[in-house]
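Report on the following structure.
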Amino acid sequence: MLERPVILSLTTTLFLSLVMFDPPCTFGDKIDYKKIFKNDCLKCHGRDGKVSKRGKKLGTPDFTDAGWQASVTDDQLIASVTNGKKKMPSQKDNLSPERLRLW
Ligand code: HEC
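Structure below.
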């Protein structure tokens with residue numbers, strides 16, 4: 032796969048915003064995104080949004096791929112993460128749509 036630095040840094044920012052973002056929460060509680068990501072996403076999505084070995088078998092997209100990024104919308108991603116999509120498990124209990132919008 033071609034690795035274009037700009038695309039890579041863009042996705043990394045996008046992806047890390049989920050991992051690192053720890054806003055002074057409007058809901059009054061603190062969410063540990065880093066922990067959520069490590070516990071629940073890393074095993075399939077890999078370290079920086081590139082697919083892990085296990086993820087590859089399940090058909091996980093490479094988040095650093097420009098073609099993939101162009102093919103999805105925020106709303107779609109939120110729906111997929113909330114409700115799950117094919118092999119991707121639902122994250123309803125971890126990440127509500129309101130929280131995902133904070134990305
Ligand atoms: C069991 C493995 C697994 C885990 C754990 C997992 N995913 Fe996924 N994820 C997948 C697979 C497989 C797909 C591809 C689904 C498809 O399009 O068929 C996917 C797709 C996605 C997509 C793209 C959805 C779309 O509409 O194309 C996003 C965003 C995503 N995952 C985020 C996350 C986040 C955030 C977590 C952790 C909270 C997570 N995933 C945990 C396997 C996983």
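Sequential numbering from 32 applies to the sequence shown in our numbering. We put the beta carbon where it would ideally sit given N, CA and C, even for glycine. Since this is a predicted model, take the numbers as computed values, not measurements.
*Buried or exposed: which applies to Lys-81, given that a residue is buried once 16 or more other Cβ atoms fall within 10 Å of its Cβ?*
Taking the sequence shown and counting its residues from 1, one reaches residue 81 at position 50. Classification of Lys-81: buried, given that the 10 Å Cβ count is 16 or more.
_Start-to-end residues for the alpha helix (DSSP H) that takes in Asn-70_ = The sequence position of residue 70 within the sequence shown is 39, counting from 1. Per DSSP, Asn-70 belongs to the alpha helix (DSSP H) from 64-71.
*Can you find a heavy atom of ligand 2 that lies under 7 Å from the Cβ of Gln-100?*
Ligand 2 is absent from the structure shown, which contains only ligand 1.
*heavy atom of ligand 1 below 7 Å from Asn-114 C-beta*: In the sequence shown, residue 114 corresponds to position 83, counting from 1. Residue side-chain check: Asn-114 keeps its Cβ at 7 Å or more from all non-hydrogen atoms of ligand 1.
*For Lys-116, does the three-state DSSP call read helix, strand or coil?*
Taking the sequence shown and counting its residues from 1, one reaches residue 116 at position 85. Lys-116 falls in the strand class under three-state DSSP.
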